[in-house]
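Everything on this sheet refers to the single structure shown next.
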Amino acid sequence: GQNIDQPTEMTATEGAIVQINCTYQTSGFNGLFWYQQHAGEAPTFLSYNVLDGLEEKGRFSSFLSRSKGYSYLLLKELQMKDSASYLCAVRNTGGFKTIFGAGTRLFVKA
Amino acid sequence: DVKVTQSSRYLVKRTGEKVFLECVQDMDHENMFWYRQDPGLGLRLIYFSYDVKMKEKGDIPEGYSVSREKKERFSLILESASTSQTSMYLCASSFSRGLGSPLHFGNGTRLTVT
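Protein chains in written order, with our numbering: chain A, 1 to 110; chain B, 111 to 224.
Shown next as structure tokens:
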């Protein structure tokens, strides 16, 4: 079967660091994506990992371990505008299908 | 910037009606997708298309069909709407199925079937 798990909700404080975990079991793997979705808006692309290791992009970093079926998204220097849902998604081997987790709602408090 | 435009932001339809959801992208992307998004379930793939007139079933195609007559336009059709199809529908496109090609989403159509 195919399954992507991530926590339902997280709360963190402005200026802090938060790590959102994602574990996956899929029939094939052609990369893992993180998307951000503000309430009532479209998901937007944040990061992509296909090889093991850490990818850094400004305040956001994403890590992948293919052998463990595990990824995390790290958000540093949290801002109020980071309050959103974060979606973990895996693309299958054929390259057409992207499977999404249910998303993690992040609340950033002052 | 890629723009994916969905024709309606909100729709209310009656049970049994035929419903058309339209999506247009302006970046000459090969691939287009229809997802529905429900609380606690995330995004689920309904249908996708990798070329004009080509279509493939996703994970939950039952009760839906699609049409892609032109490269930039991908339509989702609910043949006979049911209350279980009340949901947020998101259209997306991607340049290729190659490594790292992300999905670009439209703003969604919130469909209510009464």
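Even for Gly, the Cβ is constructed at its ideal location relative to N, Cα and C.
Test: residue i CB closer than 8 Å to a CB of chain A
i	result
tyrosine 120 of chain B	no
phenylalanine 184 of chain B	no
leucine 221 of chain B	no
glycine 210 of chain B	yes
leucine 131 of chain B	no
phenylalanine 205 of chain B	no
leucine 188 of chain B	no
Residue-chain proximity (residue i, chain B), Cβ-Cβ < 8 Å
i	result
leucine 64 of chain A	no
lysine 111 of chain A	Since the displayed chain A opens at 1 and closes at 110, residue 111 of chain A lies outside it and no answer follows.
glutamate 41 of chain A	yes
tyrosine 48 of chain A	yes
phenylalanine 45 of chain A	yes
phenylalanine 100 of chain A	yes
glycine 31 of chain A	yes
phenylalanine 96 of chain A	yes
glycine 15 of chain A	no
Close-in-space but distant-in-sequence residues of the same chain around residue i (CB under 7 Å, 5 per side omitted)
i	result
arginine 154 of chain B	Tyr145, Arg146, Asp169 and Ile170
leucine 54 of chain A	Ser61 and Phe63
valine 122 of chain B	Thr222 and Thr224
aspartate 148 of chain B	Ser197
serine 125 of chain A	Residue coverage of chain A in this structure runs from 1 to 110, which leaves residue 125 of chain A outside it and unanswerable.
Cut-off 6 Å between Cβ atoms - residues of its own chain near residue i, not counting five sequence neighbours on either side
i	result
serine 190 of chain B	Gly126
glutamate 132 of chain B	Ser117 and Ser185
valine 176 of chain B	Tyr157, Lys165 and Leu186
leucine 74 of chain A	Gln19 and Ser61
threonine 98 of chain A	Ala89 and Arg91
Bounding residues of the beta strand (DSSP E) (the contiguous stretch that carries residue i)
i	result
arginine 124 of chain B	That residue, arginine 124 of chain B, is in no beta strand (DSSP E); it is neither H nor E in DSSP.
aspartate 148 of chain B	141-148
phenylalanine 184 of chain B	183-188
leucine 78 of chain A	Element bounds for leucine 78 of chain A: n/a, residue is neither H nor E.
phenylalanine 60 of chain A	60-65
lysine 68 of chain A	Looking at the DSSP string, lysine 68 of chain A is not in any beta strand (DSSP E), and its letter there is neither H nor E.
asparagine 21 of chain A	18-25
phenylalanine 100 of chain A	98-100
threonine 115 of chain B	114-116
serine 159 of chain B	152-159
glutamate 172 of chain B	Taken as a continuous stretch (DSSP letters only), glutamate 172 of chain B belongs to no beta strand (DSSP E), as it is neither H nor E.
Per DSSP, the bridge partner or partners of residue i
i	result
methionine 10 of chain A	A:Leu106
glutamine 37 of chain A	A:Ser85
leucine 51 of chain A	Looking at the DSSP assignment, leucine 51 of chain A forms no beta bridge with any residue, so it has no partner.
tyrosine 199 of chain B	B:Arg146 and B:Thr219
glutamine 2 of chain A	In DSSP, glutamine 2 of chain A forms no bridge with anything.
Residues of its chain near residue i, where Cβ-Cβ distance is below 8 Å and the 5 sequence neighbours each way are ignored
i	result
asparagine 21 of chain A	Gln6, Pro7, Tyr70, Ser71 and Tyr72
leucine 213 of chain B	Phe143, Ala202, Ser203 and Ser204
serine 65 of chain A	Asp52 and Ser71
May I ask you to list, following chain order, the residues of the region 162-178 of chain B that have a beta carbon less than 9 Å from some beta carbon of chain A?
Glu166, Gly168 and Asp169
Looking at chain A, which residues of the region 150-161 of chain B have a Cβ within less than 7 Å of any of its Cβ atoms?
Gly150, Leu151, Gly152, Leu153, Leu155, Phe158 and Tyr160
Which residues, in order along the region 190-203 of chain B, keep a beta-carbon less than 8 Å from a beta-carbon of chain A?
Leu200
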